[in-house]
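Engineer: Just so we're aligned, residue 38 is where the sequence shown starts under my numbering, counting upward by one. The structure is given below, and queries will be raised subsequently.
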Amino acid sequence: MKNFGLDIWANNNFIIEDGQVKLNYKSMPSLLQIAEEIRENDVRGPIILRFPHLIKKQIRSLYSHFDRAMEENSYEGRFNAVFPLKVNQFPYAVEAITSQGAQFNYGLEAGSKAELILAMSKTPSGANITVNGFKDKEMITLGFIAAQSGHNITITIEGLGELETIIEVASECNIKVPNIGVRVRLHSGGSGTWAKSGGMDAKFGLTSTEIIEAIALLREANLLENLTMVHFHIGSQMSDIAPLKKALREAGNIYAELRKMGAESLNSINIGGGLAVEYDQHRHAKSRNYSVEEFSSSVVFSLKDIMDAKSVPHPDIFTESGRFIVASHAVLITPVLELFTQDYQEKLINFKEENPPLVEELIELDKLLNTKNCIEYLHDALDHMESILTLFDLGYIDLQDRSNAEILVHNIIKRALYLKSSDPTIELELLQVKLQERYLINASIFQSLPDYWGLGQHFPVMPLHNLNSTPLRAASLWDITCDSDGEIGFDPDKPLYLHDVNLDEEDYFLGFFNVGAYQETLGMNHNLFTHPSEYTVNITDAGYTITNEVESKNILDILDSIGYDKKEILEKLKSDLLKSSFSTEQEKDDTLAKLQEFVSQNGYLRTTN
Ligand SMILES: *Cc1c(COP(=O)(O)O)cnc(C)c1O
Numbered sequence: 038m039k040n041f042g043l044d045i046w047a048n049n050n051f052i053i054e055d056g057q058v059k060l061n062y063k064s065m066p067s068l069l070q071i072a073e074e075i076r077e078n079d080v081r082g083p084i085i086l087r088f089p090h091l092i093k094k095q096i097r098s099l100y101s102h103f104d105r106a107m108e109e110n111s112y113e114g115r116f117n118a119v120f121p122l123k124v125n126q127f128p129y130a131v132e133a134i135t136s137q138g139a140q141f142n143y144g145l146e147a148g149s150k151a152e153l154i155l156a157m158s159k160t161p162s163g164a165n166i167t168v169n170g171f172k173d174k175e176m177i178t179l180g181f182i183a184a185q186s187g188h189n190i191t192i193t194i195e196g197l198g199e200l201e202t203i204i205e206v207a208s209e210c211n212i213k214v215p216n217i218g219v220r221v222r223l224h225s226g227g228s229g230t231w232a233k234s235g236g237m238d239a240k241f242g243l244t245s246t247e248i249i250e251a252i253a254l255l256r257e258a259n260l261l262e263n264l265t266m267v268h269f270h271i272g273s274q275m276s277d278i279a280p281l282k283k284a285l286r287e288a289g290n291i292y293a294e295l296r297k298m299g300a301e302s303l304n305s306i307n308i309g310g311g312l313a314v315e316y317d318q319h320r321h322a323k324s325r326n327y328s329v330e331e332f333s334s335s336v337v338f339s340l341k342d343i344m345d346a347k348s349v350p351h352p353d354i355f356t357e358s359g360r361f362i363v364a365s366h367a368v369l370i371t372p373v374l375e376l377f378t379q380d381y382q383e384k385l386i387n388f389k390e391e392n393p394p395l396v397e398e399l400i401e402l403d404k405l406l407n408t409k410n411c412i413e414y415l416h417d418a419l420d421h422m423e424s425i426l427t428l429f430d431l432g433y434i435d436l437q438d439r440s441n442a443e444i445l446v447h448n449i450i451k452r453a454l455y456l457k458s459s460d461p462t463i464e465l466e467l468l469q470v471k472l473q474e475r476y477l478i479n480a481s482i483f484q485s486l487p488d489y490w491g492l493g494q495h496f497p498v499m500p501l502h503n504l505n506s507t508p509l510r511a512a513s514l515w516d517i518t519c520d521s522d523g524e525i526g527f528d529p530d531k532p533l534y535l536h537d538v539n540l541d542e543e544d545y546f547l548g549f550f551n552v553g554a555y556q557e558t559l560g561m562n563h564n565l566f567t568h569p570s571e572y573t574v575n576i577t578d579a580g581y582t583i584t585n586e587v588e589s590k591n592i593l594d595i596l597d598s599i600g601y602d603k604k605e606i607l608e609k610l611k612s613d614l615l616k617s618s619f620s621t622e623q624e625k626d627d628t629l630a631k632l633q634e635f636v637s638q639n640g641y642l643r644t645t646n
């Protein structure tokens, strides 16, 4: 895994050059350079970088693949897409999505009242809004208000109760009625970790009996002409395309049947989200078995096939892909604060003019180790180590010789592990778990990678520099929360190797990639660590600009946000301090100033990194 699986997960967005990770776009800045520039302004702790060009790339990819598939299949409907706000509602993510999507008429999807208000205020005029999720009368009325305000809005009903409320609102107020969609409850389920949205026992959607009843209710209320959309969503991060094809056949046939039953305004099928992102860094563990090309052509082909067979005009196709659009746009950068077991560093070796023969042999083994001989040499080294320890106990060699031998043997083990990393023996796997290095990162996994904590979701991780040298340390990552779950353990099946670094002399930064979907709002303030400082980076031909800085909340503000009175807290701290006696007035002023300064910084660690 020399390139940390970049060829698997990075979609050509990043490349390694001059030992650093660089953006593979225009002026190609390195992530390290950007992070260092931000840190020059005394920013500490983890940072999130947003790259709007990567959002545009994904939007363009989605639209162009569907457009091409439609052209190839002589499909007569159009393609539309909306961004589901639940995937990332942060202001500068949404700003990037709406501005990059404007030329495509890219819209927004809302699943709650707050998201609907956001969609109503941020959707570019003419673009679509779709509304899913459970709704009360207020939320449905908001949908009417959106339609009245000129939005192109479709409210998808999740059950008959919601339809009854729509009919009620329509009869009570004389404003514009929004388009209506029905979410169908499929008998086919989804695939992947999140596949709970499809299938007979799904949380959402109408059964076939309920759909027939819905048509009758709409007809009776004179609202059948507002029924425009059939919707389904089979769950996020579909690993396999087969369940989608089944769902398409089922939903496509429902659509055609409804048209035949007189629902003549029906003109769209909304296939929800679920288009997967490749998160894995190891080829044997890839996250999905299809590409966006296959996805789009399967959708277009299936729908055309069904409609042609039933002589129904081709519907417009809507997607609500969220993860696919935004996952790649955000990179989390965390400094490493400490390595916990650095006692076996090569530079601590202190050879003598004349070393004991066994140590000389270890030096020789270390020098000549290669892929072919490494298992044999490893066994020799372990055997020599045994003998050296016995000689030490008997007083034949001294502490320096023993220390030198231990460092050499550790080095031989580490290198053997690395040389055999693609095909490790069971013995090596056991050794590697024992010898792993623990890297302490200045971040909270609960805040920044909640799906790792909650679902075991892997995110690509790699150092931003030192990439000219081979990483040899089997690594586990510890965060700075006081929670033993705040750890990404070393997994022999998907090993992560990092560099031996001396943090007194150099910085060491890790990047976590594909963190732009779901992680930010799912992130929690465990231990009161807050959303990292974030920056939007626009890359140009000549360089790049850093804008939209939002610094991580300071300590008083985070306390305030959970209901404490920050003024009261600060006053209490100050008055306690001022009651004490100081040796000089200067000492008092300095201490007070420190207190003031520290509470107005964010809670991540500062002095070290
Ligand atoms: C969550 C959700 C989406 C987005 O799914 P992704 O897997 O992120 O593409 C789309 N539509 C609905 C109805 C959803 O609930």
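Here a beta-carbon is modelled for each residue, glycine too, at the ideal position from N, C-alpha and C.
1. Determine the direct distance from the alpha carbon of V314 to that of Q260, and round the result to whole angstroms.
2. Can you name the start and end residues of the alpha helix (DSSP H) that I434 belongs to?
3. Any idea what DSSP makes of I412, helix, strand or coil?
4. Confirm the yes/no value for this check: CB of P352, any heavy atom of ligand 1, distance under 7 Å.
5. Would you say the beta carbon of P121 comes nearer than 7 Å to a heavy atom of ligand 1?
6. Could you say which of L509, H319 and F566 lies nearest to D520 if we only look at CA atoms?
7. Have a look at V574, N551 and F635 and flag the residue whose alpha-carbon is nearest the alpha-carbon of N125.
8. Is any non-hydrogen atom of ligand 1 found closer than 7 Å to the C-beta of A147, if you look at the structure I gave you?
9. Ligand 1 and E199: does the residue's C-beta get closer than 7 Å to at least one heavy atom of that ligand?
10. Could you tell me the distance, in whole angstroms, from the CA atom of K590 to the CA atom of S64?
11. Excluding sequence positions up to five away, which residues of its chain have a Cβ less than 8 Å from the Cβ of L155?
12. Rounded to the nearest angstrom, what separates Q185 and T193 at their Cα positions?
13. Considering just the uninterrupted stretch of the beta strand (DSSP E) at Q57, what are its terminal residues?
14. In chain order, what residues of the same chain lie with their CB nearer than 6 Å to the CB of S598, ignoring the 5 residues before and after it?
15. So, does the segment 334-343 touch the segment 45-57, judging by three or more C-beta pairs under 8 Å?
16. CA-CA distance, M266 and S208?
17. Comparing the CB of N125 with every heavy atom of ligand 1, is any distance shorter than 7 Å?
18. What are the boundary residues of the alpha helix (DSSP H) that includes I203?
19. For A147 and chain C, any beta-carbon pair shorter than 8 Å?
20. Which two residues bound the contiguous alpha helix (DSSP H) that contains D353?
21. Quick check: the segment 88-95 against the segment 106-115, are there 3 or more CB pairs under 8 Å?
22. Just the C-alpha distance for Y538 and E474, rounded to the nearest angstrom, thanks.
23. For the beta strand (DSSP E) that T518 lies in, which residues bound it at each end?
24. Rank Y414, D173 and K283 by C-alpha distance to the C-alpha of R222 and give the top, closest one.
25. Classify G523: buried if its beta carbon has 16 or more other beta carbons within 10 angstroms, exposed otherwise.
26. Check each candidate in L415, L465, L431 and F549 and name the one with the smallest Cα separation from N479.
27. Below 6 Å CB to CB, which residues in the same chain sit around V587 once its five sequence neighbours on both sides are set aside?
28. Report the rounded CA-to-CA distance for S158 versus H319, giving the unit in angstroms.
29. Measuring CB to CB, does A511 end up less than 8 Å from P532?
30. Does the distance from the C-beta atom of I75 to that of I583 stay below 8 Å?
31. If the criterion is Cβ atoms closer than 8 Å, does the pair L60 and H502 meet it?
32. Taking the continuous alpha helix (DSSP H) assigned at L472, which residues delimit it?
33. Cβ-heavy atom distance between A554 and ligand 1 below 7 Å?
34. Less than 8 Å between the CB atoms is what I'm expecting for Y316 and W46, so what's the real figure, rounded?
35. Pull up the distance between the alpha-carbon of E287 and that of K341, whole angstroms please.
Structural biologist: Inspection of the coordinates gives the following:
1. Note that residue 260 is Leu in the sequence shown, not Gln. C-alpha separation (whole angstroms): 39 Å.
2. Element bounds for I434: n/a, residue is neither H nor E.
3. DSSP places I412 in helix when its eight states are reduced to three.
4. Flag unset: Cβ of P352 not near ligand 1.
5. At a threshold of 7 Å, P121 counts as near ligand 1, since its beta carbon sits closer than that to one of the ligand's heavy atoms.
6. Put simply, of L509, H319 and F566 the residue whose alpha carbon is nearest the alpha carbon of D520 is F566.
7. Of the candidates V574, N551 and F635, the one whose C-alpha sits nearest the C-alpha of N125 is N551.
8. Not so, every heavy atom of ligand 1 lies at least 7 Å from the Cβ.
9. For E199, the shortest separation between its Cβ and any heavy atom of ligand 1 does not lie below 7 Å.
10. Computed Cα separation, rounded: 32 Å.
11. Apart from sequence neighbours up to five positions away, the residues of its chain that approach L155 with a beta-carbon distance below 8 Å are L122, Q126, V131, L145 and A147, ordered along the chain.
12. About 17 Å.
13. Where Q57 is concerned, the enclosing beta strand (DSSP E) stretches over Q57 to L60.
14. Correct list: empty, nothing qualifies.
15. Result no; under three Cβ-Cβ pairs closer than 8 Å.
16. If you take the alpha carbons of M266 and S208, they lie about 22 Å apart.
17. Because no heavy atom of ligand 1 lies under 7 Å away, the Cβ of N125 does not count as near it: no.
18. Unbroken alpha helix (DSSP H) run through I203: L197 to E209.
19. Given the protein chain composition of this structure (a single chain), no chain C is represented.
20. Looking at the DSSP string, D353 is not in any alpha helix (DSSP H); the run it does join, the beta strand (DSSP E), is D353 to T356.
21. Contact annotation: the segment 88-95 does not touch the segment 106-115, with fewer than three C-beta pairs closer than 8 Å.
22. For the record, residue 538 in the displayed sequence is Val; it is not Tyr. V538 and E474 have their C-alpha atoms some 11 Å from each other.
23. That residue, T518, is in no beta strand (DSSP E); it is neither H nor E in DSSP.
24. Distances from the alpha-carbon of R222 to those of Y414, D173 and K283 put K283 closest.
25. The residue in question, G523, is buried, as its Cβ has 16 or more Cβ neighbours within 10 Å.
26. Ranked by Cα distance from N479, the first of L415, L465, L431 and F549 is F549.
27. So the qualifying residues of the chain are E571.
28. C-alpha of S158 to C-alpha of H319: approximately 42 Å in a straight line.
29. Yes. Within cutoff.
30. Contact annotation: I75 and I583 have beta-carbon atoms nearer than 8 Å.
31. L60 is not a Cβ neighbour of H502, given a cutoff of 8 Å.
32. From DSSP, L472 is part of no alpha helix (DSSP H); its letter is neither H nor E.
33. Shortest gap from the CB of A554 to any heavy atom of ligand 1: under 7 Å.
34. Confirmed, Cβ separation roughly 6 Å.
35. In a straight line, the C-alpha of E287 is about 13 Å away from that of K341.
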